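Inspection log for the structure reproduced underneath, given as structure tokens.
Structure (structure tokens):
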């Protein structure tokens, strides 16, 4: 019985992983094909980079980055 449960758990985990990978891949494709979303991602990336570049000005951010 333990082997059967292990097999079922493995199959279930594999199915969840495959569905998740497919959803993420589809979302990435959607973002790449949508110019507005692509611009938003670029804007957020720039914001994160700006914050990281200026982390010395933000002690709380610096402490979070060092963890």
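In my numbering, the protein residues as written are 2 to 68. Backbone N, C-alpha and C define an ideal beta-carbon position, used for all residues, glycine too. All figures in this text were calculated on a predicted structure; none of them were measured in a lab.
Per-residue DSSP class, three states only, for residue i
i, result
"residue 27", "helix"
"residue 35", "coil"
"residue 55", "coil"
Rounded Cβ spacing between residue i and residue j (contact assumed at less than 8 Å)
i, j, result
"residue 32", "residue 42", "6 Å"
Own chain partners of residue i with C-beta closer than 7 Å, once the 5 adjacent residues on each side are dropped
i, result
"residue 68", "Reliability of the predicted coordinates at residue 68 is poor, the pLDDT of 48 falling under 50, and the value obtained from them is presented with this limitation in mind. Excluding positions up to five away in sequence, the list is empty."
Chain-order list of residues whose beta-carbon lies under 8 Å from that of residue i (same chain, five-residue window excluded)
i, result
"residue 10", "none"
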